[in-house]
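Peer 1:
There are 4 protein chains.
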Amino acid sequence: MPDTAPNSAVIERTSEVDCALDYRLDGPTDFLFQIHALDGMDQEVLRESLDIVPALPHRVYADPTLNHRFLRLHAEPGELTLRYRALVRRRIEPIEPDPAFVPIADLPDQVMHNLMPTRYCESDLLGRAAYKLFSHLAPGMAQVQAIVDWIHDNMDYQIGSSQNTTTARDAYLQRAGVCRDFAHLGVTFCRALNIPARLVVGYAPFDEPPPDFHAVFEAYLGQRWILFDATGMSPLDRLVRIASGRDAKDVAFATLFGPATMTSMAPLISPA
Amino acid sequence: MPDTAPNSAVIERTSEVDCALDYRLDGPTDFLFQIHALDGMDQEVLRESLDIVPALPHRVYADPTLNHRFLRLHAEPGELTLRYRALVRRRIEPIEPDPAFVPIADLPDQVMHNLMPTRYCESDLLGRAAYKLFSHLAPGMAQVQAIVDWIHDNMDYQIGSSQNTTTARDAYLQRAGVCRDFAHLGVTFCRALNIPARLVVGYAPFDEPPPDFHAVFEAYLGQRWILFDATGMSPLDRLVRIASGRDAKDVAFATLFGPATMTSMAPLISPA
Amino acid sequence: MPDTAPNSAVIERTSEVDCALDYRLDGPTDFLFQIHALDGMDQEVLRESLDIVPALPHRVYADPTLNHRFLRLHAEPGELTLRYRALVRRRIEPIEPDPAFVPIADLPDQVMHNLMPTRYCESDLLGRAAYKLFSHLAPGMAQVQAIVDWIHDNMDYQIGSSQNTTTARDAYLQRAGVCRDFAHLGVTFCRALNIPARLVVGYAPFDEPPPDFHAVFEAYLGQRWILFDATGMSPLDRLVRIASGRDAKDVAFATLFGPATMTSMAPLISPA
Amino acid sequence: MPDTAPNSAVIERTSEVDCALDYRLDGPTDFLFQIHALDGMDQEVLRESLDIVPALPHRVYADPTLNHRFLRLHAEPGELTLRYRALVRRRIEPIEPDPAFVPIADLPDQVMHNLMPTRYCESDLLGRAAYKLFSHLAPGMAQVQAIVDWIHDNMDYQIGSSQNTTTARDAYLQRAGVCRDFAHLGVTFCRALNIPARLVVGYAPFDEPPPDFHAVFEAYLGQRWILFDATGMSPLDRLVRIASGRDAKDVAFATLFGPATMTSMAPLISPA
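For the record, the sequence lines run as chains R, Z, U and E. Numbers given in our numbering equal positions in the first sequence, counted from 1, plus 157. Numbers given in our numbering equal positions in the second sequence, counted from 1, plus 157. Numbers given in our numbering equal positions in the third sequence, counted from 1, plus 157. Numbers given in our numbering equal positions in the fourth sequence, counted from 1, plus 157.
#1: What alpha helix (DSSP H) runs, 4 residues minimum, are completely inside the stretch 385 to 426 of chain R?
#2: Using the Cα positions of C278(U) and G402(Z), report the straight-line distance between them to the nearest angstrom.
#3: Taking just the CA atoms, how far does Y314(E) sit from A328(E)?
#4: To the nearest angstrom, how far is it from the Cα of F339(E) to the Cα of V373(E)?
#5: Please identify the residue among Y180(Z), L290(Z), A303(Z) whose C-alpha is closest to the C-alpha of P234(Z).
#6: Which residues, in order along the stretch 310 to 328 of chain R, keep a beta-carbon less than 8 Å from a beta-carbon of chain Z?
#7: Any idea what DSSP makes of A287(Z), helix, strand or coil?
#8: Out of P366(R), L237(R), A387(R), F370(R), which has the shortest C-alpha to C-alpha gap to F410(R)?
#9: Using 8 Å as the Cβ pair cut-off and three pairs as the minimum, do the stretch 175 to 191 of chain R and the stretch 263 to 281 of chain R touch?
#10: So if DSSP puts V210(Z) in a beta bridge, which residue, or which two residues, is it bridged to?
#11: Could you give the uninterrupted runs of the beta strand (DSSP E) lying entirely in the stretch 321 to 383 of chain E, keeping only those of 3 residues or more?
#12: Taking the beta carbon of Y218(E) as the centre, do at least 16 other beta carbons fall within 10 Å, making it buried, or is it exposed?
#13: Determine, using beta-carbon pairs with one atom in the stretch 353 to 361 of chain Z and one in the stretch 292 to 312 of chain U, whether at least three such pairs fall under 8 Å.
#14: DSSP three-state label for T171(R), please.
#15: Using a threshold of 9 Å, state whether the C-beta atoms of R170(U) and P428(U) are closer than that.
#16: Between W382(U) and the rest of its own chain, which residues show a CB-CB distance below 7 Å, the 5 nearest in sequence each way excluded?
#17: With respect to the beta strand (DSSP E) encompassing D187(R), which residues constitute its N-terminal and C-terminal limits?
#18: Please list the partners that R285(Z) has in chain R, where partner means a Cβ-to-Cβ separation under 8 Å.
#19: Please state if the CB of L396(U) and the CB of L384(U) are separated by a distance shorter than 9 Å.
#20: Looking only at C-alpha atoms, which of N321(R), S292(R), R248(R), A349(R) sits nearest to M273(R)?
#21: Tell me whether A172(R) is buried or exposed, calling it buried when 16 or more other Cβ atoms sit within 10 Å of its Cβ.
#22: So the candidates are Q200(E), E236(E), N224(E), H225(E); which of them puts its Cα closest to the Cα of L213(E)?
#23: From F227(R), D183(R), P366(R), pick the residue whose C-alpha is nearest to that of M419(R); which is it?
#24: Going by Cα to Cα distance, which pick from G389(U), G415(U), V210(U) is closest to A148(Z)?
#25: Could you please give the first and the last residue of the uninterrupted alpha helix (DSSP H) stretch that includes V301(U)?
#26: Indicate the three-state DSSP secondary structure (helix, strand or coil) for Q200(U) in the structure shown.
#27: Spell out whether any CB of chain Z is found under 9 Å from the CB atom of M158(U).
#28: Cutting at 7 Å between CB atoms, please list the residues of its own chain near R216(E), excluding the five before and the five after it.
#29: Mind pulling the chain R residues with CB within less than 7 Å of K406(E)?
#30: Relative to the alpha-carbon of M198(E), which residue among I399(E), L425(E), S421(E), G389(E) has its alpha-carbon at the smallest distance?
#31: Rounded to whole angstroms, how far is the Cβ of A243(E) from the Cβ of A194(E), which I believe are closer than 8 Å?
#32: With C-beta atoms as the reference, is R246(R) less than 9 Å away from D394(R)?
#33: Report buried or exposed for H293(E), applying the criterion of at least 16 other Cβ atoms within 10 angstroms of its Cβ.
#34: With a cut-off of 8 Å on the beta carbons, I'd call L285(E) and T324(E) a contact; round off their distance for me.
#35: Would a check of beta-carbon distances place Y241(Z) closer than 9 Å to chain R?
#36: Select from the stretch 245 to 263 of chain R all residues with a C-beta closer than 9 Å to any C-beta belonging to chain E, and list them in chain order.
Structure (structure tokens):
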């Protein structure tokens with residue numbers, strides 16, 4: 158069953174992240190990574206380390222607004238290995254039982270852009286579909302919960318069914334996708350209903366292999382961001398957030414400029 | 158409420174068709190019209206006339222398989238007016254109460270191609286959506302009736318919401334269209350469920366202006382073609398069929414090759 | 158360099174076709190095959206055999222207009238193997254040096270539909286692109302030759318770059334595809350320029366593995382169909398035609414209705 | 158001929174902006190406007206005024222990074238009129254003759270996101286097309302100039318050819334669009350070639366009516382943003398910038414949440 162953020166007392170969760178990424182470069186390549194755990198919101202990075210082999214000049218910088226971190230580096234042909242380890246504690250506040258829909262006029266300025274369509278979330282194209290499916294419900298939490306349920310019930314989770322270019326529209330049409338597509342569709346339906354929404358990526362434990370980064374989404378209700386996961390694949394309180402963004406293009410764990418191929422990936426997480 | 162073909166004793170309906178089309182040509186233009194009432198199936202053309210102004214050489218020929226008629230002509234710049242009048246009698250057999258789904262193996266050879274996707278009916282792309290929406294029902298009539306109901310309940314009939322290039326996929330995404338789009342979506346869902354389906358165009362009386370050609374669809378059940386109309390705009394027993402085809406590209410009332418503009422259109426029909 | 162149909166004296170080519178197809182069926186499946194060599198046009202089937210294992214009732218029938226043959230059969234779960242062998246002689250007439258563009262008004266009635274867009278060949282959507290690229294050339298052969306050259310020079314032949322749902326529009330956008338996509342794009346550009354065009358599939362020898370069915374296209378010029386191949390992968394005079402159709406949906410070598418998987422394919426051809 | 162940014166000594170241009178927008182509201186509506194001239198970059202707002210009828214509470218705030226201004230207001234059913242007037246001086250520095258391509262590794266962090274595809278600028282989908290068209294040129298200015306020329310030569314400027322949902326991909330396919338589409342395509346090709354690019358909207362004088370907001374684009378070369386206009390409709394040195402953003406969704410002059418209709422628009426500009 159789809160999962161929503163926990164709903165009771167303050168919960169503390171401490172997790173160990175151990176993320177290894179290997180690349181083979183056939184030519185010089187620039188990388189933009191987002192693999193650092195967010196140090197902010199309800200999350201504290203207690204300890205972390207980053208190993209890059211071969212040792213290379215690199216830069217870690219934080220987004221000025223949302224504080225998530227980027228790693229930039231330039232590498233020459235050959236092998237490249239990254240290993241990021243972190244101990245992260247989340248302190249999860251309870252969500253009030255029925256967070257209110259925030260009328261447009263009351264949205265904070267900096268949240269307004271989370272109502273707009275983006276590359277992967279064509280909320281303009283799916284506007285009428287969202288309206289047909291969810292407008293009979295009370296604006297806000299009831300709609301988002303219905304969106305999560307609809308996605309869970311009507312979409313097939315199927316590895317290989319989507320590609321790097323698959324958008325919410327595509328996923329909605331083909332009725333299949335992976336976590337990223339489920340999250341994009343959630344974001345898209347929310348925005349179409351005038352509920353600000355954004356994509357969240359992070360480390361999450363899965364019962365079933367293979368290990369992978371996880372994508373979920375946040376909707377803005379009751380004047381705060383609330384996490385939702387339409388896949389129900391991993392408990393939301395175990396998620397270690399890397400970043401949130403408009404859609405997957407904003408928060409890709411790796412963006413490559415050059416002829417490089419990922420040869421292995423192991424973004425592991427375990428309770429600490 | 159959506160309409161389906163009548164379901165009782167033999168019905169006879171005689172209609173008077175009076176169709177006027179006007180064009181302005183800014184250059185030499187070739188026309189391919191399909192405006193002649195079909196003389197075949199349950200329909201008999203008792204009397205007809207065609208006036209073309211200015212008088213021009215033209216050719217009327219019939220499709221070798223389905224017998225619908227085409228009118229071809231080449232016209233020079235200036236005004237062109239067509240007027241087609243016909244008296245047509247339909248003799249509508251009752252449909253058996255529950256026509257059976259025809260297994261693929263039992264379909265006639267010449268019907269097989271009505272299972273394939275076409276320009277406007279991407280049944281391959283909407284396959285999983287069709288399955289999610291209708292596969293819990295008994296194959297055949299129950300599904301087609303559910304398709305008609307779904308389209309009627311979930312699509313907005315909205316003039317101007319679609320264009321010449323709008324396909325079933327587009328209409329499904331935008332949840333709006335005109336009769337052509339409704340029919341294309343019906344055809345598409347049927348094909349995705351392995352029920353042969355095709356588009357039907359004809360003359361139909363509407364309560365509300367403006368007069369226009371009508372598009373509905375046929376599904377192949379119980380070893381025959383059965384008419385359905387998801388718009389519910391016009392009684393099916395009053396339809397005078399022009400042609401059936403794979404989709405609207407096959408049965409457009411006018412295909413133009415040249416710089417011509419339609420200046421008025423009045424495809425009228427009335428009980429005789 | 159792209160190949161066009163031969164241009165001199167009558168050529169005779171005799172080929173041996175040996176096509177083996179293997180399937181694994183996880184449930185009952187209906188098949189519609191098009192693997193028989195065409196017996197007609199410039200081609201004569203001197204000898205042929207079809208072996209189906211296990212032995213199953215099946216039907217071979219010919220398209221009433223174009224004469225290509227279909228094989229229909231229904232199979233139960235398990236293995237299914239087909240082997241089609243044929244000895245085929247082509248007698249290729251020379252093409253006149255510059256076959257004339259046929260004005261719309263002079264096209265035979267039965268060719269008209271080859272001007273229309275289809276599922277894989279959206280000539281309506283690529284109309285202006287075709288016009289921008291090719292309208293400065295004399296209508297007809299010069300344009301088709303320029304189309305073949307443009308495709309050859311501007312598209313990457315790349316196995317895996319396209320899928321079952323890839324259309325000419327998609328291929329044009331991504332500038333990559335396989336023989337089917339190259340042929341669809343050729344068909345599309347031709348139709349957009351008011352030159353009737355259709356897809357042709359057949360057996361063809363390739364220098365490089367893997368063996369596969371081949372797709373090329375035909376344009377209607379000088380009141381006849383002329384073959385073109387934008388891939389330049391195989392000499393056109395060695396092609397053994399299976400069928401021609403509106404696009405790949407019409408002439409797929411196998412259309413499956415059921416949970417079957419092709420486990421191997423070897424459509425071999427060699428000079429006899 | 159397409160225009161590029163001026164290339165000589167410092168130029169000063171002072172313009173008078175007088176922008177009137179009228180709406181009819183059939184229900185309560187929230188508005189997000191971007192009509193204020195940018196006070197920053199090479200541009201100084203010497204004087205400005207904003208009149209809203211009826212007088213309504215509203216908020217003007219600036220983007221924290223790029224400094225362009227938003228106007229938010231909530232209005233009840235009825236008429237709404239905005240009038241924004243400003244006196245704006247630009248001081249345009251000469252562009253060095255051949256600004257260098259900036260390697261990815263040398264791009265400022267805050268510019269990196271201008272390499273990513275967005276809702277209207279699918280640089281991922283047009284990557285290979287960009288490569289085929291422009292990769293033979295030296296990276297940087299030569300490519301951007303070739304992009305501007307290609308768009309100018311290969312796209313039809315045609316009012317009504319595009320809609321609110323038209324993207325760079327759509328415009329590229331249909332080979333037609335308006336200034337927004339031309340700019341989106343410029344942005345898209347640049348990003349595909351690893352040149353950061355963004356959309357710029359502003360007030361611009363046109364020789365031909367109707368007056369409208371103008372959209373152009375900026376490419377990041379020589380460690381600065383340089384303006385380009387593929388339409389050639391208005392001299393770039395007369396543009397009064399409102400905002401720059403990822404694409405038109407970021408910098409729409411008006412985003413409406415509610416049943417309102419624009420009844421007239423006059424974004425006038427004249428030399429002061």
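From the three backbone atoms N, C-alpha and C, an ideal C-beta is built for every residue, glycine too. Please read these numbers as outputs of a predicted model, since none were measured by experiment.
Peer 2: Quick answer:
#1: none
#2: Numbered from its first residue, the third sequence carries residue 278(U) at position 121. Numbered from its first residue, the second sequence carries residue 402(Z) at position 245. Near 18 Å, if we compare the C-alpha coordinates of G402(Z) and C278(U).
#3: Taking the fourth sequence and counting its residues from 1, one reaches residue 328(E) at position 171. Taking the fourth sequence and counting its residues from 1, one reaches residue 314(E) at position 157. Computed Cα separation, rounded: 10 Å.
#4: The residue given as residue 339(E) occupies position 182 in the fourth sequence. The residue given as residue 373(E) occupies position 216 in the fourth sequence. Near 8 Å, if we compare the C-alpha coordinates of V373(E) and F339(E).
#5: Along the second sequence, read from residue 1 onward, the residue named residue 234(Z) stands at position 77. It is Y180(Z) whose Cα lies nearest to the Cα of P234(Z).
#6: N311, D313, R326
#7: Position 130 of the second sequence, counted from the start, is the residue given in the question as residue 287(Z). Three-state DSSP puts A287(Z) in a helix.
#8: For this step, residue 410(R) is matched to residue 253 along the first sequence. Here the closest residue by C-alpha is F370(R).
#9: no
#10: Counted from its first residue, the second sequence places residue 210(Z) at position 53. DSSP, once it has assigned bridges, lists T238(Z) as partnering V210(Z).
#11: 354 to 360, 371 to 378
#12: Residue mapping note: residue 218(E) aligns to position 61 of the fourth sequence, counting from 1. That one is exposed.
#13: no
#14: As a working mapping, residue 171(R) is identified with position 14 in the first sequence. If DSSP states are grouped into helix, strand and coil, T171(R) belongs with the strands.
#15: For this step, residue 170(U) is matched to residue 13 along the third sequence. For this step, residue 428(U) is matched to residue 271 along the third sequence. The answer is yes: Cβ separation under 9 Å.
#16: Here the question's residue 382(U) lines up with position 225 in the third sequence. Excluding sequence neighbours, W382(U) sits near E375.
#17: Counted from its first residue, the first sequence places residue 187(R) at position 30. Run containing D187(R): 186 to 190, per the beta strand (DSSP E) assignment.
#18: Indexing the second sequence from 1 puts residue 285(Z) at position 128. What R285(Z) touches in chain R: D313, Q331, R332, A333.
#19: Residue mapping note: residue 384(U) aligns to position 227 of the third sequence, counting from 1. Residue mapping note: residue 396(U) aligns to position 239 of the third sequence, counting from 1. Closer than 9 Å, so yes.
#20: Here residue 273(R) is taken as the residue at index 116 of the first sequence, counted from 1. Considering only alpha carbons, the answer is A349(R).
#21: Residue mapping note: residue 172(R) aligns to position 15 of the first sequence, counting from 1. What sits at residue 172(R) in the sequence shown is Ser, not Ala. With 16 or more Cβ atoms within 10 Å of its Cβ, S172(R) is classed as buried.
#22: Translated into the one-based positions of the fourth sequence, residue 213(E) becomes position 56. It is E236(E) whose Cα lies nearest to the Cα of L213(E).
#23: Translated into the one-based positions of the first sequence, residue 419(R) becomes position 262. That would be D183(R), whose Cα lies nearest to the Cα of M419(R).
#24: Because chain Z spans 158 through 429 in this model, residue 148(Z) falls outside it and cannot be assessed.
#25: What you label residue 301(U) is simply residue 144 of the third sequence in a count that begins at 1. Looking at the DSSP string, the run of the alpha helix (DSSP H) that includes V301(U) is 298 to 311.
#26: Here residue 200(U) is taken as the residue at index 43 of the third sequence, counted from 1. Strand.
#27: Reading the third sequence from its first residue, position 1 is the one you call residue 158(U). Because the pLDDT at M158(U) is just 40, under 50, the model does not fix this residue reliably, and the point stays unresolved.
#28: Translated into positions along the fourth sequence, residue 216(E) becomes position 59. Same-chain partners within the cutoff: R229.
#29: Sequence index remark: in the fourth sequence, residue 406(E) carries index 249 (1-based). The contacting residues are M273, P274.
#30: Translated into positions along the fourth sequence, residue 198(E) becomes position 41. Ranking the options by Cα distance to M198(E), first place goes to I399(E).
#31: On the fourth sequence, position 86 is the one that residue 243(E) refers to. On the fourth sequence, position 37 is the one that residue 194(E) refers to. That belief holds up - the Cβ atoms of A243(E) and A194(E) are roughly 5 Å apart, short of 8 Å.
#32: Along the first sequence, read from residue 1 onward, the residue named residue 246(R) stands at position 89. Along the first sequence, read from residue 1 onward, the residue named residue 394(R) stands at position 237. Against a cut-off of 9 Å, the Cβ pair of D394(R) and R246(R) comes out as no contact.
#33: One-based indexing of the fourth sequence puts residue 293(E) at position 136. Answer is exposed; the Cβ neighbour count stays below 16.
#34: Position 128 of the fourth sequence, counted from the first residue, corresponds to residue 285(E). Position 167 of the fourth sequence, counted from the first residue, corresponds to residue 324(E). Residue 285(E) is actually Arg in this sequence, not Leu. In fact, because the Cβ distance is near 17 Å, the residues do not count as touching under 8 Å.
#35: Residue mapping note: residue 241(Z) aligns to position 84 of the second sequence, counting from 1. False, the Cβ-Cβ gap to chain R never drops below 9 Å.
#36: P260, I261, A262
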